[in-house]
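A.B. asks: Mind having a look at this structure? Questions to follow.
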Amino acid sequence: MGSALAHGLLGAGWRADEVVICEALAARREQLRAELPGVGVVADVPAASGAVVAVKPADGEAACRAVAGEGTRRVLSIMAGVTLARLESWVGPTAAVLRAMANTPATVGVGVSAIAAGSRAGPPDVAWGEEILGAVGRVVSLPEPALDAVTGLSGSGPAYVFLVAEALIAGGVAAGLAPEVSRTLAVETVAGASRLLALSGETPETLRAQVTSPGGTTEAGLAVLEERAVRAAFVDAVVAAAERSRQLGR
383 MGSALAHGLL
393 GAGWRADEVV
403 ICEALAARRE
413 QLRAELPGVG
423 VVADVPAASG
433 AVVAVKPADG
443 EAACRAVAGE
453 GTRRVLSIMA
463 GVTLARLESW
473 VGPTAAVLRA
483 MANTPATVGV
493 GVSAIAAGSR
503 AGPPDVAWGE
513 EILGAVGRVV
523 SLPEPALDAV
533 TGLSGSGPAY
543 VFLVAEALIA
553 GGVAAGLAPE
563 VSRTLAVETV
573 AGASRLLALS
583 GETPETLRAQ
593 VTSPGGTTEA
603 GLAVLEERAV
613 RAAFVDAVVA
623 AAERSRQLGR
């Protein structure tokens, strides 16, 4: 996710010399230097006015204390399950802290993120965080308690969509298509339907009704999904993932 943000910032007009990546692994540093020409890729935390912490939660405290030790005034965390209270205790009393939940489509510039402000973060700090996350997709500002639901929906949501794609591919094969043909049709169907939903301005309910003719093929397929309670299963999946996020936060 960190490299995705770096790519997004450069694409949004930031200069390469305005972005520095701190990476502990030497082999990964070499990869990043080749991938992001002109961007500073270093082993030690540099002095900076603002920092994004994109590490595993187990490494979060050390990373936050390191950036705070360099005088960083703004910290944006994209670590899952690490609360603002913990982040603020790690960076000390002088830095403004923001917590965000992003998702993997950010790696191709079409992610969606939610951002929550800590007790010392004012509107300029939130605007800074939104600018960074906005380089890789859309951003919404929410109170911190809502981030668990965000995690269950948009954070974990890409995996649910990928599961649907897997099932459509398997269904196409079961109906007689070659695997490679079924994969092409399933992937393009999911991508096209998502784009139609995003660009048409119509609700999902309206679009579903438009493609469902009475007595037709789509109605027959939807009847099976409703009979198997697929809709309820997706609702339960979001709720379960949100609850797991709450548990991790505790």
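Using this note's numbering, the first residue of the sequence shown is number 383, and each one after it goes up by one.
A virtual CB, placed ideally from N, CA and C, is assigned to each residue, including glycine.
1. Could you tell me the boundaries of the beta strand (DSSP E) in which Arg481 lies?
2. If we ignore side chains and look at the alpha-carbon of each, how far apart do Val612 and Val546 end up?
3. Entirely within the segment 397-443 and at least 3 residues each: give me those beta strand (DSSP E) ranges in chain order.
4. Does DSSP put Ile497 in a helix, a strand or coil?
5. Quick one: what's got a C-beta closer than 6 Å to Ala398's C-beta in the same chain, skipping five residues either side?
6. Please list the segments of the alpha helix (DSSP H) lying wholly inside the segment 522-587, counting only runs of 4 or more residues, in order along the chain.
7. May I ask you to list the residues that DSSP assigns as paired with Val508?
8. For Gly393, which of Ala488, Pro525, Asp618, Ala503 has the nearest alpha-carbon?
9. Three-state secondary structure (DSSP) at Arg632?
10. Using only CA atoms, which one of Ile514, Glu526, Ala440 lies nearest to Arg481?
11. Does the beta-carbon distance from Val427 to Cys446 come in below 8 Å?
12. How about Gly463 and Val494: are their beta carbons less than 8 Å apart?
13. At the level of alpha carbons, what is the spacing between Thr600 and Ser627?
14. Would Val435 pass as a contact of Gly442 if the rule is Cβ separation under 8 Å?
15. Quick check on DSSP: helix, strand or coil for Ser595?
16. What residue does the beta strand (DSSP E) around Val457 start on, and which one ends it?
17. Using a Cβ-Cβ cut-off of 6 Å (strictly less than) and excluding sequence neighbours within five positions of Ser459, which residues of its own chain qualify?
18. What does Gly519 pair with, by DSSP beta-bridge criteria?
C.D. replies: Judging by the given coordinates:
1. As a working note, residue 481 is residue 99 in the sequence shown. Taken as a continuous stretch (DSSP letters only), the beta strand (DSSP E) holding Arg481 covers 478-483.
2. Looking up residue 612 in the sequence shown gives position 230. Looking up residue 546 in the sequence shown gives position 164. Near 11 Å, if we compare the C-alpha coordinates of Val546 and Val612.
3. 402-404, 422-424, 432-435
4. The count along the sequence shown starts at 1 and reaches residue 497 at position 115. Here Ile497 sits in strand by DSSP.
5. Here residue 398 corresponds to residue number 16 of the sequence shown, with the count starting at 1. So the qualifying residues of the chain are Gly420, Val421.
6. 529-532, 539-556, 561-582
7. Counting from one through the sequence shown, the residue named residue 508 turns up at place 126. According to DSSP, Val508 bridges with nothing at all.
8. As a first step, residue 393 must be located in the sequence shown, where it is residue number 11. Cα-wise, what sits closest to Gly393 is Ala488.
9. Locating residue 632 in the sequence shown gives position 250, where the first residue counts as 1. Residue state, collapsed to three classes: coil.
10. Counting from 1 along the sequence shown, the entry for residue 481 is found at position 99. Per the Cα distances, Glu526.
11. Start at 1 with the first residue of the sequence shown, and residue 427 comes out as number 45. Start at 1 with the first residue of the sequence shown, and residue 446 comes out as number 64. No.
12. In the sequence shown, residue 463 corresponds to position 81, counting from 1. In the sequence shown, residue 494 corresponds to position 112, counting from 1. Going by C-beta atoms, Gly463 is not nearer than 8 Å to Val494.
13. The residue labelled residue 600 in the question sits at position 218 within the sequence shown. The residue labelled residue 627 in the question sits at position 245 within the sequence shown. The alpha-carbon atoms of Thr600 and Ser627 are separated by roughly 36 Å.
14. Within the sequence shown, residue 435 is the residue found at index 53, counting from 1. Within the sequence shown, residue 442 is the residue found at index 60, counting from 1. Yes, these two residues count as a Cβ contact at 8 Å.
15. Counted from its first residue, the sequence shown places residue 595 at position 213. Ser595: coil per DSSP, three-state reduction.
16. The count along the sequence shown starts at 1 and reaches residue 457 at position 75. Counting along the chain, the beta strand (DSSP E) containing Val457 begins and ends at 456-459.
17. Here residue 459 is taken as the residue at index 77 of the sequence shown, counted from 1. Closer than 6 Å at the Cβ level, and outside the excluded window around Ser459, lie Val435, Leu469, Arg481.
18. What you label residue 519 is simply residue 137 of the sequence shown in a count that begins at 1. Bridge partners of Gly519: Gly493.
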